[in-house]
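Asks: Numbering (the working numbering), first residue to last: 111 to 427.
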Ligand code: UT7
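#1: Got a sec: is the Cβ-Cβ distance from residue 130 to anything in chain C below 8 Å?
#2: State the Cα-Cα distance for the pair residue 389 and residue 425, rounded to the nearest angstrom.
#3: So is residue 196 buried or exposed if we call it buried at 16+ other beta carbons inside 10 Å?
#4: For residue 216, tell me which candidate among 224, 247, 228 and 226 has the shortest Cα-Cα distance.
#5: What do you get for residue 136, buried or exposed, if any count of 16 or more other CB atoms within 10 angstroms of its CB means buried?
#6: At the level of alpha carbons, what is the spacing between residue 343 and residue 333?
#7: Taking 8 Å as the cut-off, does the region 392-404 touch the region 266-278 (at least 3 CB pairs, one atom from each stretch)?
#8: I'd like to know whether the C-beta atoms of residue 245 and residue 187 end up nearer to each other than 8 Å.
#9: Can you tell me the Cα-Cα spacing of residue 402 and residue 286, whole angstroms?
#10: Shortest alpha-carbon distance to residue 346 belongs to which of 278, 363 and 182?
#11: Please return the same chain residues whose Cβ sits closer than 6 Å to the Cβ of residue 119, not counting the five positions on each side in sequence.
#12: Any chance the CB of residue 381 is under 7 Å from a heavy atom of the ligand UT7?
#13: So, do the region 226-235 and the region 246-262 have three or more beta carbon pairs nearer to each other than 8 Å?
#14: Are the beta-carbon atoms belonging to residue 336 and residue 419 less than 8 Å from one another?
#15: Comparing C-alpha positions only, which one of 256, 365 and 130 sits nearest to residue 194?
#16: Taking the beta strand (DSSP E) that residue 217 belongs to, which residues open and close that run?
#17: Quick one: does the C-beta of residue 264 sit closer than 7 Å to a heavy atom of the ligand UT7?
#18: Rounded to the nearest angstrom, how far is the Cβ of residue 421 from that of residue 115, given a contact under 8 Å?
#19: Can you tell which of 396, 311, 404 and 179 has the C-alpha that lies nearest to the C-alpha of residue 370?
#20: So, is residue 352 buried or exposed, given that buried needs 16 or more other C-beta atoms within 10 angstroms?
#21: Alpha carbon to alpha carbon, how far is residue 372 from residue 339?
#22: Of all the options 322, 163 and 241, which has the alpha carbon lying nearest to the alpha carbon of residue 206?
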């Protein structure tokens with residue numbers, strides 16, 4: 111089985127910015143509560159001309175342009191999302207047509223909630239291992255504003271819309287170590303097809319408890335398998351659900367704070383999109399440099415948990 115590395119990243123964000131003050135006009139809340147409990151100050155929502163597909167397309171297009179590869183070299187598209195515009199066809203299929211990608215490659219959506227982007231990397235790795243084309247596109251995209259209950263203050267203030275994409279390259283002998291798992295459970299759920307309404311429900315405290323134990327579990331499993339330590343990692347990018355979750359992990363590992371990036375302040379929790387959005391932002395800021403080692407860690411609905419250690423081999427933007 112081949113390993114994979116990140117060649118380039120891209121992003122697509124809803125263009126309507128919603129601040130905490132905007133929410134305080136809708137539900138009984140305030141900036142102080144939201145920021146101190148979550149680290150979030152604002153988030154992007156789609157406007158009437160945007161949706162899951164348009165965000166995913168913008169992100170994938172930007173990543174493809176930055177990679178400087180031809181469409182013919184793309185061997186798969188894996189799109190992680192829990193908020194597709196259509197239950198069928200998949201966002202990946204529509205994006206394939208939109209970007210004029212080859213017609214003889216596997217393109218599919220997956221649902222592993224907030225761990226979806228990392229699950230997507232592993233799916234792409236498998237698909238590229240058995241194909242001839244070297245590159246894949248992995249996307250995390252969500253339009254969570256469509257499934258937010260605007261009367262529930264305990265959830266509506268948390269989420270945002272956005273997409274992050276990566277062009278990955280598969281080859282043998284690349285550093286790639288991952289850990290994927292799930293515990294099952296309905297601590298976070300969105301009703302499915304046929305339901306009268308479709309909104310996010312979450313038992314916040316339970317999920318918080320799960321998150322602070324899942325992240326070290328994933329990190330330790332990857333270190334055990336790879337023989338690496340935190341010293342070997344240049345940047346750790348965790349799912350951006352809550353600043354306090356990441357602070358907890360930093361403290362546990364007595365790690366330098368700057369090794370664990372946080373950007374939920376301006377994006378909120380964008381589920382499957384949060385890790386690639388953060389990775390893209392770091393690349394754009396020049397924080398991630400060519401050949402650096404990344405450790406990505408996600409956790410979320412279904413009590414999924416996932417981590418991947420791999421190289422950023424890409425272009426400095
Ligand atoms: O992406 C998937 C993974 N998701 C997560 O990782 C989320 C994990 N959970 C969390 O981040 C936190 O549990 C939350 C941010 C969701 C909630 O923070 P908390 O410290 O666990 O608060 P809580 O739910 O225990 O609520 C504390 C109080 C309650 O009031 P009482 O019962 O103590 O009087 C809530 O009604 O805060 C109240 N509250 C609010 N107050 C003002 C809940 N939401 C709000 C709000 N504004 N928006």
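Where a beta carbon is used, it is the ideal one built from N, C-alpha and C, also for glycine. Because the structure is a prediction, the values reported are computed rather than measured.
Replies: Let me spell this out:
#1: Within the model displayed, chain C is absent; a lone protein chain is all it includes.
#2: 13 Å
#3: exposed
#4: 247
#5: exposed
#6: 10 Å
#7: no
#8: no
#9: 13 Å
#10: 363
#11: 173, 276, 389, 390 and 393
#12: yes
#13: yes
#14: yes
#15: 256
#16: 217-220
#17: yes
#18: 4 Å
#19: 404
#20: buried
#21: 21 Å
#22: 163
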